[in-house]
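For any residue, its number in our numbering is found by taking its place in the sequence shown, counting from 1, and adding 76.
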Amino acid sequence: MEEARVKVSIRCRICGEKFVLRGRRDGVRVDTGFKQCLCNNTDDFEIEEMPL
Numbered sequence: 077m078e079e080a081r082v083k084v085s086i087r088c089r090i091c092g093e094k095f096v097l098r099g100r101r102d103g104v105r106v107d108t109g110f111k112q113c114l115c116n117n118t119d120d121f122e123i124e125e126m127p128l
């Protein structure tokens, strides 16, 4: 079975930078490959799933 594609909005809570990425749903997680913000933040994000 193919994994569902989803669009995700990721906003850094430190600098406010916003990223909109597509990823694959893996159970309850969404894998986008996103690692860190431009300000080197790796942990403090606001993540929102959006309709494709």
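Each residue gets a CB set at the ideal place from its N, CA and C atoms; glycine is no exception. Just so it is clear, the structure is predicted and the values come from calculations on it, not from any experiment.
Item	Value
Taking the alpha carbon of Ile-90 as the reference point, which residue from Met-126, Arg-101, Phe-121 has its own alpha carbon closest?	Phe-121
On the CB-based measure, 16 or more other CB atoms within 10 Å of its CB, does Gly-99 come out buried or exposed?	buried
By Cβ distance below 6 Å, which residues in the same chain neighbour Arg-87 in space, the five residues on each side in sequence not counted?	Lys-94, Glu-122
What do you reckon, are the CB atoms on Val-82 and Arg-101 nearer than 7 Å?	yes
Going by beta carbon distance, what residues of the same chain come within less than 6 Å of Leu-114, once the five residues before and after it are set aside?	Glu-93
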